[in-house]
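Visitor: In mature numbering (1 follows the signal peptide of the UniProt record, and there is no 0), the protein residues as written are -25 to -1, 1 to 411.
Virtual Cβ for every residue (Gly too), placed ideally from N, Cα, C.
A quick note: this is a predicted structure, and the numbers were derived from the prediction, not measured.
#1: Taking residue 27 as the reference, give the member of 101, 391 and 175 with the closest Cα.
#2: CA-CA distance, residue 337 and residue 290?
#3: What does the alpha-carbon distance come out to for the pair residue 128 and residue 388?
#4: Candidates 57, 60 and 23: which alpha carbon is nearest residue 42's?
#5: Take the Cβ of residue 95 as the centre, count every other Cβ of all protein chains shown within 10 Å, and call the residue buried at 16 or more, exposed below.
#6: Taking the Cβ atom as the reference point for each residue, do residue 211 and residue 154 lie within a distance shorter than 8 angstroms?
#7: Residue 48 and residue 196: beta carbons closer than 8 angstroms?
#8: I'd like to know whether the C-beta atoms of residue 179 and residue 237 end up nearer to each other than 8 angstroms.
#9: Going by other Cβ atoms of all chains shown within 10 Å of its Cβ, with 16 needed for buried, is residue 217 buried or exposed?
#10: Quick one: residues in its chain with C-beta nearer than 6 angstroms to the C-beta of residue 116, no 5 flanking neighbours on either side, listed in chain order?
#11: Residue 278 to residue 386, Cα distance in whole Å?
#12: For residue 354, count the other beta carbons within 10 Å of its own beta carbon; 16 or more makes it buried, fewer makes it exposed. Which is it?
#13: Compare the Cα-Cα distances from residue 57 to each of 29, 25, 91 and 16 and report the closest residue.
#14: Under 8 angstroms between the Cβ atoms of residue 11 and residue 400?
#15: Tell me the residue span of the alpha helix (DSSP H) that contains residue 337.
#16: So the candidates are 391, 104, 404 and 408; which of them puts its Cα closest to the Cα of residue 164?
#17: What number of angstroms, rounded off, separates the C-alpha of residue 172 from the C-alpha of residue 160?
#18: Is residue 91 buried or exposed, if buried means 16 or more other CB atoms sit within 10 Å of its CB?
#19: For the alpha helix (DSSP H) holding residue 122, just list the boundary residues, first then last.
#20: Mind checking residue 182: buried by the 16 CB within 10 Å criterion, or exposed?
#21: Is residue 397 helix, strand or coil by DSSP?
#22: Answer yes if the region 301 to 318 comes into contact with the region 269 to 278, meaning at least three C-beta pairs across the two stretches below 8 angstroms, and no otherwise.
#23: Excluding the 5 residues flanking residue 395 on each side, which residues of the same chain have their C-beta closer than 7 angstroms to its C-beta?
#24: If you compare alpha carbons, which of 32, 361 and 373 is closest to residue 319?
#25: How about residue 170 and residue 162: do their beta carbons lie closer than 8 angstroms?
#26: On the three-state DSSP scale, how would you describe residue 172?
#27: Do residue 123 and residue 351 have their C-beta atoms closer together than 8 angstroms?
#28: Please report the residue range of the beta strand (DSSP E) in which residue 240 lies.
#29: Report back the beta-carbon spacing between residue 53 and residue 106 to the nearest angstrom; my notes put them in contact at under 8 angstroms.
#30: Out of curiosity, what's the CA-to-CA distance linking residue 404 and residue 13?
#31: Could you tell me which residues DSSP puts in a beta bridge with residue 321?
#32: By DSSP's criteria, residue 14 is part of a beta bridge. Which residues make up the other side?
Structure follows, in structure tokens:
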């Protein structure tokens, strides 16, 4: 099976949702805010999100721009998400309950609470856990779409991996994590001289306002084209080396309260604020698995039900001794890279696998067969041959560097791709709903 990097499940966005977002009562507006190809964004979606933002801002005593500007930001985000959800539907991408539960457990862990404690916190904030769970599912789905659509475009030069691995190694004993806020002044692809000049002028003016005591969050709500705009630009905590190079170069020795920018990137001008700094120590403990699998790919004739039924049949034959796993893989597996080897994948960092495949493998005991498992590649029957956890600090530097660079480059591709999606789609915003 082709290996892919485990997706970063919008961790900053999701954790921000857990930490700060509260939901107000839904606004009963049923009119259409925008037509997006053959789908729609309802005014109720926009207005409910607007009320949520205003409620959060009131609790944190945060100043907001006028409602119309917020509606523009919200509608832009919802249109972008709508287009990506259409792709997910057309490609039949689905997220398993197991993936959702694992993501929620990870969010709770990173916030230092149990899942039950998190549920209690959400309830105290008036947030339905089912609604929260749906949001997590949506964020995972969007990440899957972005990885599938853009992952193949990401090129990771060996020299970049080597350089970042050395940086991680040098900082391994003690290094920095930073809590950042961010504003993006977006520019079109191949901007004209006037567009370039106007973008830089606006970014410079915003930076001056911030350094003069201006409200960063309000300016982010008003001007930023980044996904965190509706969180007041808040990016949350992250390791310095995981940031885009044009950020990390300016944060070699980060200082709390520093304002950095404008910084030019391929997608526009960036302004960042260092909200806080902390030092951390790291040892890379890696869980490795030695597994084998049988992959069945679906098509219009051989659907999910047929694939699942076939794997159940093969499981029964293997357990009864009528056929060995090796024989079944060679005869039936659609993974050309492993079928001839009886499905054997060999030892590998479990994080290299599709999330659903990885989760299923980690839950197996040695020599145990899985239930039929669906991943983004198809349906699998997995047998865990062995599992080990080891300190791979030295060996893990390059792997970690490669993962970081992949996610950095993917994030840039997503920004460009979202603009292209909008440019090629039919989008009609209801007259008068938002004013330019």
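Guide: If we stick to the structure as given:
#1: Position 52 of the chain shown, counting from 1, holds the residue named residue 27. Residue 101 is the option with its Cα nearest to residue 27.
#2: Position 362 of the chain shown, counted from the start, is the residue given in the question as residue 337. Position 315 of the chain shown, counted from the start, is the residue given in the question as residue 290. If I take the Cα positions, the gap works out to 19 angstroms.
#3: On the chain shown, residue 128 is found 153 positions in, with the first residue counted as 1. On the chain shown, residue 388 is found 413 positions in, with the first residue counted as 1. Those two C-alpha atoms are separated by around 8 angstroms.
#4: Walking along the chain shown from the start, residue 42 turns up at place 67. For the options 57, 60 and 23, the alpha carbon positioned closest to that of residue 42 is the one of 23.
#5: If you number the chain shown from 1, residue 95 lands on position 120. Exposed, since its Cβ has fewer than 16 Cβ neighbours within 10 Å.
#6: What you label residue 211 is simply residue 236 of the chain shown in a count that begins at 1. What you label residue 154 is simply residue 179 of the chain shown in a count that begins at 1. Contact check for residue 211 against residue 154 passes: the beta carbons are separated by less than 8 angstroms.
#7: Within the chain shown, numbered from 1, the residue matching residue 48 stands at position 73. Within the chain shown, numbered from 1, the residue matching residue 196 stands at position 221. Yes. Within cutoff.
#8: Residue mapping note: residue 179 aligns to position 204 of the chain shown, counting from 1. Residue mapping note: residue 237 aligns to position 262 of the chain shown, counting from 1. Result yes, Cβ atoms of residue 179 and residue 237 sit closer than 8 angstroms.
#9: Working through the chain shown from its first residue, we reach residue 217 at position 242. Burial call: buried.
#10: Position 141 of the chain shown, counted from the start, is the residue given in the question as residue 116. The beta carbon of residue 116 lies closer than 6 angstroms to those of 63 and 70 in the same chain, with the five residues before and after it left out.
#11: Position 303 of the chain shown, counting from 1, holds the residue named residue 278. Position 411 of the chain shown, counting from 1, holds the residue named residue 386. Annotation: residue 278 to residue 386 spans about 33 angstroms, alpha carbon to alpha carbon.
#12: The residue given as residue 354 occupies position 379 in the chain shown. It counts as buried.
#13: Position 82 of the chain shown, counted from the first residue, corresponds to residue 57. The shortest C-alpha separation from residue 57 is found at 16.
#14: Reading the chain shown from its first residue, position 36 is the one you call residue 11. Reading the chain shown from its first residue, position 425 is the one you call residue 400. Yes, the pair counts as a contact, with Cβ atoms nearer than the cut-off.
#15: Residue numbering aside, residue 337 sits at position 362 when the chain shown is read from its first letter. Run containing residue 337: 330 to 337, per the alpha helix (DSSP H) assignment.
#16: In the chain shown, residue 164 corresponds to position 189, counting from 1. Comparing Cα-Cα distances from residue 164 to each of 391, 104, 404 and 408, the minimum goes to 391.
#17: The residue labelled residue 172 in the question sits at position 197 within the chain shown. The residue labelled residue 160 in the question sits at position 185 within the chain shown. Our two residues, residue 172 and residue 160, have alpha carbons roughly 12 angstroms apart in a direct line.
#18: Residue mapping note: residue 91 aligns to position 116 of the chain shown, counting from 1. Residue 91 should be labelled exposed.
#19: Stepping through the chain shown from its first residue, residue 122 is reached at position 147. Start and end: 104 to 125.
#20: Translated into positions along the chain shown, residue 182 becomes position 207. Answer is buried; the Cβ neighbour count reaches 16.
#21: Within the chain shown, numbered from 1, the residue matching residue 397 stands at position 422. Residue state, collapsed to three classes: helix.
#22: Counting Cβ pairs under 8 angstroms, three or more are found: they touch.
#23: Taking the chain shown and counting its residues from 1, one reaches residue 395 at position 420. Excluding sequence neighbours, residue 395 sits near nothing in its chain.
#24: For the purposes of this step, residue 319 is identified with residue 344 of the chain shown, where counting begins at 1. Checked all of 32, 361 and 373; the closest Cα to residue 319 is 361.
#25: Walking along the chain shown from the start, residue 170 turns up at place 195. Walking along the chain shown from the start, residue 162 turns up at place 187. Cβ atoms of residue 170 and residue 162: closer than 8 angstroms.
#26: Taking the chain shown and counting its residues from 1, the one referred to as residue 172 is at position 197. If DSSP states are grouped into helix, strand and coil, residue 172 belongs with the helices.
#27: If you number the chain shown from 1, residue 123 lands on position 148. If you number the chain shown from 1, residue 351 lands on position 376. For residue 123 and residue 351, yes; Cβs fall inside 8 angstroms.
#28: In the chain shown, residue 240 corresponds to position 265, counting from 1. Secondary structure note for residue 240: its beta strand (DSSP E) is the uninterrupted segment 234 to 240.
#29: The residue given as residue 53 occupies position 78 in the chain shown. The residue given as residue 106 occupies position 131 in the chain shown. Residue 53 to residue 106, Cβ: 16 angstroms. No contact.
#30: As a working note, residue 404 is residue 429 in the chain shown. As a working note, residue 13 is residue 38 in the chain shown. When rounded, the distance between both Cα atoms is 13 angstroms.
#31: What you label residue 321 is simply residue 346 of the chain shown in a count that begins at 1. DSSP lists 266 as partners of residue 321.
#32: On the chain shown, residue 14 is found 39 positions in, with the first residue counted as 1. Per DSSP, 11.
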